[in-house]
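*Asks:* Take the first sequence: its letter number 292 is residue 283 in the working numbering, and every next letter is one higher.
Even for Gly, the Cβ is constructed at its ideal location relative to N, Cα and C.
Mind having a look at this structure? Questions to follow.
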Amino acid sequence: MRGNRSPSQRGPLRTRAKRIVGPLDAWYEATGRSLPWRRVPTPYYVVVSECMLQQTQVDRVVPIFEAFVARFPSFEALAAAPAGAVVRAWHGLGYNGRAVRLHALARTVCSRYRGVPPEDAQALRELPGVGRYTAGAIRAFAYGIPDIALDTNVKRVLERVFYGSLQDGKASRALETAGGALLEYAPPFSLNSALMDLGATLCTARRPKCVLCPLSFTCAAAGTSTSHERTRFSQTAVSERVPFRETSRYLRGRIVDVLRALPPGTSTTLASVHKALARCLPSKTRSDVAAAATALVRDGIIVRRRSRLSLAD
DNA sequence: AACGCGGGGGC
DNA sequence: GCCCCAGCGTT
-8 MRGNRSPSQR GPLRTRAKRI VGPLDAWYEA TGRSLPWRRV PTPYYVVVSE
42 CMLQQTQVDR VVPIFEAFVA RFPSFEALAA APAGAVVRAW HGLGYNGRAV
92 RLHALARTVC SRYRGVPPED AQALRELPGV GRYTAGAIRA FAYGIPDIAL
142 DTNVKRVLER VFYGSLQDGK ASRALETAGG ALLEYAPPFS LNSALMDLGA
192 TLCTARRPKC VLCPLSFTCA AAGTSTSHER TRFSQTAVSE RVPFRETSRY
242 LRGRIVDVLR ALPPGTSTTL ASVHKALARC LPSKTRSDVA AAATALVRDG
292 IIVRRRSRLS LAD
C-alpha cells in the first residue's frame, strides 16, 4: 500500500531518484522535442502554450501558437486586444472558453502584476484558467522553480516507475513525493520536459514501449501486460450515445465558426446563423441555435447586442 | 464527485 | 465511422 511512507523508505526513494535523473536527462538531450515555447521559455510563451496544451496535443498547438504570438507578442498586446480577436485566433484548438480565460488572465497580469505573472503558486492559481497543473508548469518552465507539472502523462510515468500501479484516489500525494525526490537531483525545466516527452512518446497509456525506455531498468511496471488495457470505460452504452454531430457541443463550435468568419467588428442575426448552419446541421431548429447561442454568451465566448450576435469587440 | 467544454488523429 | 484524449471551472 502507498501512503504510509515511513522514514526508512525515504532513503530508497531518493536513491532511485538519483539513479533515474542521469539516464532520463541523457534520453531527453538525445530525443527530446524542440518546441517554440521551449526554445524561448519566457513567461508569456509558457503561459500561452500551457493554456493551449490543456487537452490539446502538441502537434496541433505548434502552428497555432506561432501565429498567435506573432499576432499578440506580449501580455500587453494580448490585454489590449478585444476578446473576440483572441477567440478568432483560437480557431482549430477547441474549448474556446480557454481563449476567454487567457485573455482575462493577460488583463489581470497587466493590471495587477505589471505584466509579469507571479511566482507564488497560490497567486498563480487565482488567475483565470490556471489550475494545479498549469501553476506548476509556469513555475517550472518560466521561472525554474522546483515544481512538478502533474499532467496525466507525468502522473502515469511517475506511477509506473515508482509504484507500478496505484489505486485511484489519494495517488497524487504519492506522485508528488516521487516528483519531489527527482527535483532534488535535476533542474525543474529539463526534468519536467523529459517526463512529459517520455509520457507522450514511450510511456503511453495503451502500449508503452518499454524496450526503448531509459527508465525500464528501474521501473516498477516495466513489461507488465496489464498496461495494454484501457484505463477507462465509457459510462454510456454505445446504443445510447448521441452522435457527436448531434450534440450541443458540436453546434456551439459551428456557431462560433460562423461568427469567426464575419469581418471583425461586424455582427449578424440569429436567423442568419441558423440559415448558415442549415446545410451542415439541418436537424437543428431555430430554438436549438438560440439556446446554444445563449450558452455561448453566458460563457463570454460571443456577445449579443440588440438581438445581433458577434464575437466580442 | 460529476459534468460540460472541441476538434483532430488513431485504429 | 467509432473511440480516445485529459485540465479547468462549475455544480
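So what does Thr305 bridge to, in DSSP terms?
*Replies:* What is shown of the chain runs -8 to 304, which leaves residue 305 out entirely.
*Asks:* Per DSSP, which residues does Arg295 bridge with? Please list them.
*Replies:* Its beta-bridge partners are Leu300.
*Asks:* Buried or exposed: which applies to Thr125, given that a residue is buried once 16 or more other Cβ atoms fall within 10 Å of its Cβ?
*Replies:* Buried.
*Asks:* Confirm, please, whether the CB-CB distance from Val107 to Pro34 is below 8 Å.
*Replies:* A contact, by the Cβ cut-off of 8 Å.
*Asks:* Would you identify the three-state DSSP class for Lys146, choosing helix, strand or coil?
*Replies:* Three-state result, Lys146: helix.
*Asks:* Any idea what DSSP makes of Glu117, helix, strand or coil?
*Replies:* If DSSP states are grouped into helix, strand and coil, Glu117 belongs with coil.
*Asks:* For Ala131 versus Phe180, is the C-beta spacing smaller than 8 Å?
*Replies:* For Ala131 and Phe180, yes; Cβs fall inside 8 Å.
*Asks:* Using a Cβ-Cβ cutoff of less than 6 Å, which residues in the same chain neighbour Pro73 once the five nearest sequence positions on both sides are dropped?
*Replies:* Excluding positions up to five away in sequence, the list reads Ala303, Asp304.
*Asks:* Leaving out the 5 sequence neighbours to the left and right, which residues in its chain are closer than 7 Å to Ile292 when beta-carbon positions are compared?
*Replies:* Closer than 7 Å at the Cβ level, and outside the excluded window around Ile292, lie Val78, Asn87, Gly88, Val91, Val247.
*Asks:* Can you tell me whether DSSP reads His219 as helix, strand or coil?
*Replies:* Because the pLDDT at His219 is just 41, under 50, the model does not fix this residue reliably, and the point stays unresolved.
*Asks:* At what residue ranges does the region 40 to 96 contain a whole run of the alpha helix (DSSP H), taking only runs of 4 or more?
*Replies:* Fully enclosed alpha helix (DSSP H) runs of 4 or longer: 49 to 62, 66 to 71, 74 to 80.
*Asks:* For Thr259 and Gly120, what's the separation of their Cα atoms in angstroms?
*Replies:* Going by the C-alpha atoms only, they are around 29 Å apart.
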